[in-house]
Each structure stands twice: as structure tokens, then as C-alpha cells.
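Numbering (UniProt numbering), first residue to last: 1 to 365. Where a beta carbon is used, it is the ideal one built from N, C-alpha and C, also for glycine. Everything numeric in this text was worked out from a predicted model, so none of it was measured.
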Ligand code: NAI
Ligand code: MG
């Protein structure tokens, strides 16, 4: 059997800097755990524009469609701010998401004990938190027709349409139940079935998919506004939350901040299962290319490292190895090793990007 394949797209700014640490970790898993990947690397974003005049070449797009998982750093930077919209670095990322049809966006909110002080909530409410928000990413009110600003009588009217088909709801629901089986086996679905027809359909379809295919997973439903309250009141009651594009946008940003720093937040975007059963998948840190610290060895590689941990768990069925890696990150933080973004007071010298990566590897050993 051939090794699972991984396409690495470091991108711009701190993207290549944090990805260099992930490459060390990928090598570690090959050397020490016999977990070999066929790794290829390519350009995306501004780097691809500089080399090819486009933020994503057709060849790279094709490769992304063929591999088992794509791991991306970050794209963008001031150098590209004045480019035409059609070749902006972000377009490379958008093209990947669109052509791979990545409808299921996974944003974990995981609070490492050592960083619980960074949360805006009380320590005991967030310490040990480990929840996953799944946001539907390719439909809903950001895409529904009709849309626009029209003239009605003598005033303007802004229009957007929330629209979900049964199959769009069912596929993201499946993604949530599959994930729940690899975690705490609990899904909470959020909508506004009390005031929106699309919400009624959402609730019905999620329930139907559950009853027919995933009766072993514990399912509950919550109105999204109540869910927002519960998320800040007692977030640890949740395991997997599945919701639409709009509510997911808000809830995932709020949940992410329960845990503190942007430098710690991984994400995944998953699509339909491929012939080998693995979902189409793109893993990336939530943060951008951070031009303000690029080239200074200050970037925190943890968000990208934890994105690779998500790939191990959700693309490669290596849940135990994923946990091993997450525990290593946690142990490094518990030792007090900190990149600059995780420091609250001066006095100690912050760890560099590669010192942080090396510290994680030392813990893995
Ligand atoms: P950003 O996430 O790049 O940076 C925001 C702040 O957080 C900065 O002060 C930065 O130094 C800090 N930061 C981010 N990641 C960090 C890390 N790993 N370690 C330590 N500090 C970190 O967002 P910003 O500044 O709004 O955007 C910068 C560029 O990145 C823009 O061109 C934007 O379009 C692009 N961007 C790309 C994304 C992507 O590739 N998915 C996502 C967000 C922004
Ligand atoms: Mg957002």
C-alpha cells in the first residue's frame, strides 16, 4: 500500500515559518512512529503570484484534488494589497475551498490549562475545554438568491436569502456525526427553528440523518441564540456543535476566543468522501500571514502544528497519534515555554518559532 499523501502549501509571511516546524514534526512521525507520508510542496497566494502570476496554478489545484489532505500556512500581505481582485492571494485559498467543495468547516475550541489565564472567562469555566464547532461553509445566507440592494418606492432595500437544500443539510450533519464518533459522541445542532423555515428543515433533516444512520450518537437541538448564551455560560457541556454558515461564523469566532491566542487555533475544512473513504480535506491555522512579525522568528507554530494533529485524526484515522501531538504541545506550554504572543509580562525571553517546534519534538520523544 502506498503512503497517505499530503500537499503542503506554506504560502506567505509567517506561513513558511510555521510550516517549517510542522515539517520537522511530520519527519518525527515517520522516523519514530513509522507513519510515513508522501509529502509534496507547492506555492499558494502571493508566493504563487510572484512565480506564476496567479495565486494558484491549475497544476496545484489538480494536485490538491488528488492528495489525501492539504496543509496550508497562510496567504496575503501588504505587498499584494494593490493587486487586482482576481489575482489577490486570498483568491488562491478561495479557489481551493470552492473547487474541493469543502462544505464542512471545523473550528475546535480547546483550552490548554496552562493558557486558561488568557481567556476572558473565569479559569474554571474554560480549563480543559475541548469542543468542536462545525460550520456549514458553502451555502446558506451568504450564497442564497435573490440577493442585492433594490429600489422599492423611494427607498433602498437590502436583500439576502437563507436557503438550504435537504442534501446540503444532510451532508454537513453526517460530517458532524462522523466527527462526534471520533470524539465525545455528542452533537448539538443549532438553528432558529422558532422563527425560520430553513431552521425547521435544518432541525428535521439533522434528526432524520441521526435516526437513520447515527442512532448511537447523542443528539440535541438548541436555538442558536440560546446556544450563544450557553457557549459563554458553560461551554464544557458541548462536544460537537453543528450549525449553518451565518450562525457558525459568529459562534466559531466567539468560541475560539474562549481559549485565548490566535497563534494556538487550528482549523479544518472537509468535503465529500473520496474513493478511499477519506474526506476531501484542507487543514490550516486560523491566523493569517502576520506581516507585522514575519521574518523575525516570532511566530507561534502551534496553530499549524495542531492543524496537522487534526489531519492525523480526521484524514488519517490516527486519533492516538493526534492526541500524542496535542499532549506534547500541552506539555510544552505547561513547562512555561512561550512564544511572544503567549507572554503576559516581560522579563523572560520568548521562545523563537523553531525553539517552540523543537520543544514539541522533545516532548514527543
Ligand atoms: P493575522 O492573523 O495575520 O494577524 C493578526 C495579529 O495576530 C497580528 O498582530 C499577528 O502578528 C498576530 N498573529 C497571527 N498569527 C500569529 C502567530 N502564529 N504567532 C504569533 N502572532 C500571530 O491577521 P491580519 O493581520 O488581519 O492579516 C494579515 C494578512 O493575512 C492579510 O493579508 C490577510 O488578508 C491575511 N489573512 C490570511 C488568512 C489565511 O491565510 N487564512 C486569514 C486571515 C488573514
Ligand atoms: Mg468570521
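query, result
"Would you tell me roughly how many angstroms separate the C-alpha atoms of residue 272 and residue 280, rounded to the nearest one?", "6 Å"
"Identify which residue in 36, 57 and 335 has its Cα closest to the Cα of residue 42.", "57"
"For residue 165, does the count of other Cβ atoms within 10 angstroms reach 16, so buried, or fall short, so exposed?", "exposed"
"Does the beta-carbon of residue 305, which I'm using as the reference point, lie nearer than 7 Å to any heavy atom of the ligand NAI?", "no"
"Apart from the five residues on each side of it in sequence, which residues of its chain come closer than 8 Å, Cβ to Cβ, to residue 151?", "157"
"Of the choices 225, 61 and 312, whose alpha-carbon is the least far from that of residue 278?", "312"
"Do the region 229 to 237 and the region 175 to 185 touch if we need at least three Cβ pairs shorter than 8 Å?", "no"
"I'd like to know whether the C-beta atoms of residue 106 and residue 306 end up nearer to each other than 8 Å.", "no"
"Buried or exposed for residue 298, please, with buried defined as at least 16 other CB atoms from any protein chain shown within 10 angstroms of its CB.", "buried"
"Out of 93, 189, 75 and 328, point me to the one whose CA is closest to residue 365's CA.", "328"
"Just grab the DSSP bridge partners of residue 339 for me.", "351"
"May I ask you to check if the CB of residue 300 is nearer than 7 Å to at least one heavy atom of the ligand PLP?", "The model depicted lacks the ligand PLP and carries the ligand NAI and the ligand MG instead."
"What does the alpha-carbon distance come out to for the pair residue 202 and residue 9?", "35 Å"
"With the cut-off set at 8 Å, would you say residue 254 and residue 265 are in Cβ contact?", "no"
"Assess, as a yes-or-no matter, whether the region 315 to 329 is touched by the region 114 to 126 under the definition of 3 or more beta carbon pairs within less than 8 Å.", "no"
"Does the distance between the C-beta of residue 339 and the nearest non-hydrogen atom of the ligand NAI fall short of 7 Å?", "yes"
"Is it the case that the region 344 to 362 contacts the region 123 to 135, given that we only count it when at least three CB pairs across the two stretches are under 8 Å?", "no"
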